[in-house]
Amino acid sequence: MTRLENHTFRYAIINDNFTIESQNYNDHYAFLTSGRYNSDRFYEIIIDTGASKHSTAGFQQFQAYQRIKPSLINKTKAGTVTVQFGIGKSTSIGSTLVDTPIGTIEFHILPVDTPFLLSLSDMDKLGIYYDNTKNLLVSPNSKFPVSRRFGHAFLIWGIFLESLISSSFYSNPCFLNETELRRLHRRFGHPSAERLYNLLSKSGHNDVPREYINQINKFCDHCQKHRGPPQRFKFKLQDDSAQFNHSIIVDVMYIDNHPVLHVVDEATNFQAARWLQNISSKHTWDAIRACWIDVYIGPPDYIVTDAGSNFTGKEFHQCATSMAVCVKNIPVEAHWSIGLVERYHALLRRSYEIIYQELKGESLSRDNILQMAVKSINDTAGPNGLIPTLLVFGAFPRMTQLDPPALSII
Numbered sequence: 001m002t003r004l005e006n007h008t009f010r011y012a013i014i015n016d017n018f019t020i021e022s023q024n025y026n027d028h029y030a031f032l033t034s035g036r037y038n039s040d041r042f043y044e045i046i047i048d049t050g051a052s053k054h055s056t057a058g059f060q061q062f063q064a065y066q067r068i069k070p071s072l073i074n075k076t077k078a079g080t081v082t083v084q085f086g087i088g089k090s091t092s093i094g095s096t097l098v099d100t101p102i103g104t105i106e107f108h109i110l111p112v113d114t115p116f117l118l119s120l121s122d123m124d125k126l127g128i129y130y131d132n133t134k135n136l137l138v139s140p141n142s143k144f145p146v147s148r149r150f151g152h153a154f155l156i157w158g159i160f161l162e163s164l165i166s167s168s169f170y171s172n173p174c175f176l177n178e179t180e181l182r183r184l185h186r187r188f189g190h191p192s193a194e195r196l197y198n199l200l201s202k203s204g205h206n207d208v209p210r211e212y213i214n215q216i217n218k219f220c221d222h223c224q225k226h227r228g229p230p231q232r233f234k235f236k237l238q239d240d241s242a243q244f245n246h247s248i249i250v251d252v253m254y255i256d257n258h259p260v261l262h263v264v265d266e267a268t269n270f271q272a273a274r275w276l277q278n279i280s281s282k283h284t285w286d287a288i289r290a291c292w293i294d295v296y297i298g299p300p301d302y303i304v305t306d307a308g309s310n311f312t313g314k315e316f317h318q319c320a321t322s323m324a325v326c327v328k329n330i331p332v333e334a335h336w337s338i339g340l341v342e343r344y345h346a347l348l349r350r351s352y353e354i355i356y357q358e359l360k361g362e363s364l365s366r367d368n369i370l371q372m373a374v375k376s377i378n379d380t381a382g383p384n385g386l387i388p389t390l391l392v393f394g395a396f397p398r399m400t401q402l403d404p405p406a407l408s409i410i
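Numbering-wise (UniProt numbering), the sequence shown opens with residue 1 and increments by one.
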């Protein structure tokens, strides 16, 4: 009381703040009140010189130990040991023998949330002692390393070294200084403050103030020179004129060293394919008619191709012009413009190989297998999660006899 009055008088004179720190008398009960020692992970053995008579272990930690090394509880020893903890008394439900680097120790299992506690009595029986200045458990013949975690000394167990390493990430927090934050900002390509903050939060650095990251972005020389204008909310309306058969992308791919004409509708990703006997302009146009124009709703408005000789030839353009089709040949420098069809090459090739291997004993031609591969792609997910068959025909494909009749989306 006198100490409090003295601080009150001093505060009134010099206006200084004082804090009287109270001692935490519950530190030695931290391993009892915490839910850390559950059955999720085994935390090895704590050297507890306060446990004078018996070595004990909580039942949940025993369950975690059982998953690593199967052990049994000797229930004939139930009730032989009663231990006084800060939470009260607890009576054993049995005992188990544990083979440790320092010898075989009998632990009495208690229905409490405590780790494995090595008693002073068992240490005397084994002839060992704990050297806290060097963090070693010393026996007459050897020395065993000890790790300090959560304010307690744990025996480092060779077979459970992985558990020690994983727990060290949580028991030893790391903090970033300003130099390290600037280095991360540069090495991640000068991201925005929001992106860098989210990245640090996901990696466990939740204590980094957001204003520090904003300050780094504000005074970064690269960000000042190359940062774009503030982003505004933008949206884009879908072009209603881009319907099925408005524009198709055509390319030639190879399956088992044989050329295949591959056609993809730009709006719906609906596909078609056909084997080619040769890659002449005339034969290529006939293949397009056979697999697309004469099968569906007629010639498209546009045919987009690469700069291959079979597509740039006069005969191909004359046949297309006769049906009022505009051909757009993409130059080599902009080959990415037909990336839609090229991304489906691998999918079509893989589908063909799977169907070919599964139906190897059947007498099916290459044309039938290719058509089955195209059908499987058209019946799977397309743009925005919608299957191309639904977008083109307005109905879901029936996969089995148990499926209901195809429903129209109209």
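From the three backbone atoms N, C-alpha and C, an ideal C-beta is built for every residue, glycine too.
What separation, rounded to the nearest whole angstrom, lies between the Cα atoms of D379 and F311?
29 Å
Cβ atoms of V374 and T268: under 9 Å apart, would you say?
Contact flag unset, no.
Can you look up E106 in the DSSP assignment and give me helix, strand or coil?
Correct three-state label for E106: strand.
Within 10 angstroms of its Cβ, does H185 collect 16 or more other Cβ (buried), or is it exposed?
Buried.
Provide the residue(s) that pair with K328 in DSSP beta bridges, ordered along the chain.
V304
For residue 417, list the residues DSSP reports as bridge partners.
Absent from the model: residue 417. The displayed extent of the chain is 1 to 410, so no value can be given.
Are the CB atoms of F116 and V138 nearer to each other than 9 Å?
no
Whether or not the region 61-75 and the region 88-98 are in contact is what I'm after, with contact meaning three or more pairs of Cβ atoms, one per stretch, closer than 8 Å; do they touch?
yes
Using only the alpha-carbon positions, how far apart do N206 and K89 sit?
40 Å
Please specify which runs of the alpha helix (DSSP H), each continuous and at least 4 residues long, are wholly inside the region 274-298, giving them in chain order.
281-288
Spatial neighbours of P299 within its chain, please: CB distance less than 6 Å, with the 5 preceding and 5 following residues excluded, ordered by chain position.
I293, M323, V325
Any chance the region 333-347 sits against the region 312-320, with 3 or more Cβ pairs inside 8 Å?
no
Taking the C-alpha atoms as reference points, what is the distance between N141 and G79?
35 Å
Does the Cβ-Cβ distance between L155 and T100 come in under 9 Å?
yes
State the Cα-Cα distance for the pair R183 and D221, rounded to the nearest angstrom.
13 Å
For H152, which beta-bridge partners are listed by DSSP?
R149
Would you mind reading off the limits of the alpha helix (DSSP H) that contains Q63?
Element bounds for Q63: 59-68.
Let me check understanding here. Comparing Cα to Cα, which of Y43, Q357, H258 lies closest to M372?
Of the listed residues, the one whose Cα sits closest to M372 is Q357.
Restricting to Cα atoms, I'd like to know which of I297, I377, Y352, G382 is closest to K368.
In the sequence as presented, Lys is not what sits at residue 368; that position holds Asn. If we check each option's Cα against that of N368, Y352 comes out closest.
What does the alpha-carbon distance come out to for the pair Y212 and G228?
21 Å
According to DSSP, residues forming a beta bridge with Y254:
P259
Tell me the residue span of the beta strand (DSSP E) that contains T96.
94-100
Taking the alpha carbon of R366 as the point to measure from, which residue in I297, L136, P259 has its own alpha carbon closest?
Selected option, being the one with the closest Cα: P259.
Exposed or buried, what is A273 when buried is set at 16 or more other beta-carbons lying within 10 Å of its beta-carbon?
buried
Looking at the unbroken beta strand (DSSP E) that takes in G85, where does it start and where does it end?
What sits at residue 85 in the sequence shown is Phe, not Gly. Here the beta strand (DSSP E) through F85 covers 82-85.
Assuming S147 contacts I105 under a Cβ cut-off of 8 Å, what Cβ separation, rounded to an integer in Å, is found between them?
About 18 Å; that fails the 8 Å criterion.
7 Å CB neighbourhood of G308 in its chain, flanking five on each side removed:
V252
Alpha carbon to alpha carbon, how far is K328 from D301?
11 Å
Measure the beta-carbon distance from V112 to F85 and round it to whole angstroms, keeping in mind my assumption that it falls under 8 Å.
The beta-carbon separation of V112 and F85, rounded to 7 Å, stays under the 8 Å limit for a contact.
Tell me whether the beta-carbon of L370 lies closer than 9 Å to the beta-carbon of I255.
yes
Taking 9 Å as the CB-CB limit, is A346 close to chain C?
This model lacks chain C altogether, as it is built from one protein chain only.
Check the DSSP bridge columns for A381 and list the partner residues they point to.
Answer by DSSP bridge pairing: none, since A381 is not bridged.
Local conformation of L72 per DSSP, three classes
coil
Between the CA atoms of L199 and H262 - distance to the nearest angstrom:
42 Å
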